[in-house]
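Going letter by letter, the sequence shown gives residues 1 to 258 in the UniProt record's numbering.
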Amino acid sequence: MAKLSAVTCAVLFSLFYETSSVVLINSSDTFLPTSNFTDIEPTLRNRLDSTVVPKARKKRYISQTDMITILNYHNQVRGKVFPPAANMEYMAWDETLAKSAEAWAAACIWDHGPSYLLSFLGQNLSVRTGRYRSILQLVKPWYDEVKDYAFPYPQDCNPRCPLRCYGPMCTHYTQMVWATSNRIGCAINTCYNMNVWGSIWRRAVYLVCNYSPKGNWIGDAPYKVGVPCSSCPPSYGGSCMDNLCFPGVTSNYLYWFK
């Protein structure tokens with residue numbers, strides 16, 4: 001039986017130095033189980049390669065500082081999960097995922113998308129009014145959902161629609177710490193007159209992060225519990241760093257910015 005995969009998004013609202021956060025109602029679709037990812041990888045790459053990025057955008061879709069901050073924060077969170085993970089993989093930056101995130105961020109649509117990619121990748125969204133001092137102001141609310149999460153499965157923090165479309169959610173957090181989601185690519189865009197749930201935000205900072213392989217497969221735990229790196233995939237050759245299955249090569253973010 002095909003499993004369900006949930007993708008969710010969070011919004012961080014800041015005005016006059018006050019912040020509050022709300023979350024979009026959870027949405028679920030039926031997709032292939034994660035064991036078939038090797039079969040859909042070529043399809044994902046073909047889909048991502050066909051993503052159209054607006055040529056009018058001349059500014060890089062994310063700064064090197066923000067990219068490194070997002071990547072390091074994810075790996076810090078992944079290496080410190082509790083209970084500890086036996087198969088947590090190091091997350092690396094993926095330029096193709098970042099370009100697909102750029103295309104969606106440029107659309108300034110407050111929803112997940114594009115729909116033809118959501119069958120293949122996970123996605124976290126965040127939006128904020130005005131400027132931001134640190135990109136973590138848009139990313140940290142995803143991690144903060146950990147307080148509502150009980151390992152191994154989301155419970156009250158994962159409402160089942162249409163009967164329970166309320167209450168806290170935690171699928172941003174579980175996507176961050178999904179063991180097999182070992183690639184991430186993000187983009188940030190300033191949107192003007194963006195419609196956020198019926199309200200027009202004159203200046204919105206919109207962050208889109210895409211993950212592959214996708215996580216949040218309902219019925220699966222985000223990772224295996226055990227001694228860190230004790231159940232790493234064979235492709236890692238037994239290499240372990242900071243409690244993460246490590247590929248033994250430097251992160252590709254330096255290559256990406258050459």
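We treat Cβ as the ideally placed atom computed from N, Cα and C, and that holds for glycine.
**Asked** Can you tell me where the alpha helix (DSSP H) with A101 in it begins and where it stops?
**Response** Residue mapping note: residue 101 aligns to position 101 of the sequence shown, counting from 1. 95-107 is the span of the alpha helix (DSSP H), which, as asked, contains A101.
**Which listed residue (L118, W104, L207) has its alpha carbon closest to that of M67** = For the purposes of this step, residue 67 is identified with residue 67 of the sequence shown, where counting begins at 1. Put simply, of L118, W104, L207 the residue whose alpha carbon is nearest the alpha carbon of M67 is L207.
**Prompt:** Is it buried or exposed for N193, if we count other Cβ within 10 angstroms and need 16 for buried?
**Reply:** What you label residue 193 is simply residue 193 of the sequence shown in a count that begins at 1. Exposed, because fewer than 16 other Cβ atoms sit within 10 Å of the Cβ of N193.
**Which residues DSSP lists as bridging residue 307, in chain order** = Residue coverage of the chain in this structure runs from 1 to 258, which leaves residue 307 outside it and unanswerable.
**Message:** If contacts are defined as beta-carbon pairs under 8 Å, then I109 and C186 qualify, I think. What distance do you get, rounded to the angstrom?
**Reply:** Walking along the sequence shown from the start, residue 109 turns up at place 109. Walking along the sequence shown from the start, residue 186 turns up at place 186. No, I109 and C186 are not in contact; Cβ-Cβ is about 16 Å, not under 8 Å.
**Asked** Rounded to the nearest angstrom, how far is the Cβ of F82 from that of K214, given a contact under 8 Å?
**Response** On the sequence shown, position 82 is the one that residue 82 refers to. On the sequence shown, position 214 is the one that residue 214 refers to. Incorrect: roughly 23 Å between the Cβ atoms, too far for contact.
**Request:** Compare the C-alpha of residue 275 against each of Y211, C229, I188, Y236 and name the closest.
**Result:** For residue 275 there is no data in the structure shown, the boundaries of the chain being 1 and 258.
**Prompt:** Alpha carbon to alpha carbon, how far is L244 from Y173?
**Reply:** As a working note, residue 244 is residue 244 in the sequence shown. As a working note, residue 173 is residue 173 in the sequence shown. Whole-angstrom Cα-Cα distance: 17 Å.
**Asked** What's the gap between the Cα of I218 and the Cα of L118?
**Response** Here residue 218 refers to the residue found at position 218 when the sequence shown is read from its first residue. Here residue 118 refers to the residue found at position 118 when the sequence shown is read from its first residue. One C-alpha to the other measures close to 15 Å.
**Message:** Considering only DSSP beta bridges, list what R203 is partnered with.
**Reply:** Taking the sequence shown and counting its residues from 1, one reaches residue 203 at position 203. Answer by DSSP bridge pairing, in chain order: Y192.
**Item:** Inter-residue spacing [alpha-carbon to alpha-carbon] between V205 and A85
**Value:** Translated into the one-based positions of the sequence shown, residue 205 becomes position 205. Translated into the one-based positions of the sequence shown, residue 85 becomes position 85. Distance between the alpha carbons of V205 and A85: 33 Å.
**Prompt:** Closest by CA to P228, which one among K99, S235, K80?
**Reply:** As a first step, residue 228 must be located in the sequence shown, where it is residue number 228. Nearest neighbour of P228 by Cα position, chosen from K99, S235, K80, turns out to be K80.
**Item:** Span of the alpha helix (DSSP H) around G237
**Value:** Counting from one through the sequence shown, the residue named residue 237 turns up at place 237. Per DSSP, G237 belongs to no alpha helix (DSSP H) and is neither H nor E.
**Prompt:** Below 8 Å between beta carbons: does that hold for Y61 and A98?
**Reply:** Position 61 of the sequence shown, counted from the first residue, corresponds to residue 61. Position 98 of the sequence shown, counted from the first residue, corresponds to residue 98. A contact, by the Cβ cut-off of 8 Å.
**Request:** State yes or no: is the C-beta of Y90 within less than 8 Å of the C-beta of N182?
**Result:** Counted from its first residue, the sequence shown places residue 90 at position 90. Counted from its first residue, the sequence shown places residue 182 at position 182. Contact: yes.
**Asked** Going along the chain, which residues of its own chain have a beta-carbon closer than 8 Å to the beta-carbon of A221, five neighbours each way excluded?
**Response** Against the sequence shown, residue 221 aligns to sequence position 221. The beta carbon of A221 lies closer than 8 Å to those of F151, P152, Y153 in the same chain, with the five residues before and after it left out.
**Item:** Where L136 sits in the DSSP three-state scheme
**Value:** As a position in the sequence shown, residue 136 is number 136, starting the count at 1. Residue state, collapsed to three classes: helix.
**Prompt:** Rounded to a whole number of angstroms, what is the C-alpha to C-alpha distance between S231 and N87?
**Reply:** Locating residue 231 in the sequence shown gives position 231, counting from the first residue. Locating residue 87 in the sequence shown gives position 87, counting from the first residue. So the alpha carbons of these two residues sit roughly 5 Å apart.
**Asked** For N75, which residues of its own chain have a beta-carbon under 8 Å away from its beta-carbon, when the five flanking residues on both sides are left out?
**Response** The residue labelled residue 75 in the question sits at position 75 within the sequence shown. Excluding sequence neighbours, N75 sits near Y90, M91, D242, L244.
**Message:** On the DSSP letters alone, give me the boundaries of the alpha helix (DSSP H) that M91 sits inside.
**Reply:** Counted from its first residue, the sequence shown places residue 91 at position 91. Taken as a continuous stretch (DSSP letters only), M91 belongs to no alpha helix (DSSP H), as it is neither H nor E.
**Prompt:** Which stretch, first to last residue, makes up the alpha helix (DSSP H) that contains N72?
**Reply:** The residue labelled residue 72 in the question sits at position 72 within the sequence shown. It spans 64-79 - the alpha helix (DSSP H) in which N72 sits, taken as one unbroken run.
**Prompt:** What does a CB cutoff of less than 8 Å around C240 pick up in its chain, not counting 5 residues either side in sequence?
**Reply:** Position 240 of the sequence shown, counted from the first residue, corresponds to residue 240. Counting only Cβ-Cβ distances below 8 Å, and skipping sequence neighbours, we find P228, C229, C232, F246.
**Request:** Give the DSSP-derived three-state secondary structure of T30 in the structure shown.
**Result:** Stepping through the sequence shown from its first residue, residue 30 is reached at position 30. A caution first: T30 carries a pLDDT of 30, below 50, which makes its placement in the model unreliable, though a value can still be read off. If DSSP states are grouped into helix, strand and coil, T30 belongs with the strands.
**Item:** DSSP state of W217 mapped onto helix, strand, coil
**Value:** By one-based count along the sequence shown, residue 217 stands at place 217. It is a strand residue.
**Prompt:** So the alpha helix (DSSP H) T174 belongs to, where does it begin and stop?
**Reply:** One-based indexing of the sequence shown puts residue 174 at position 174. T174 -> alpha helix (DSSP H) spans 171-176.
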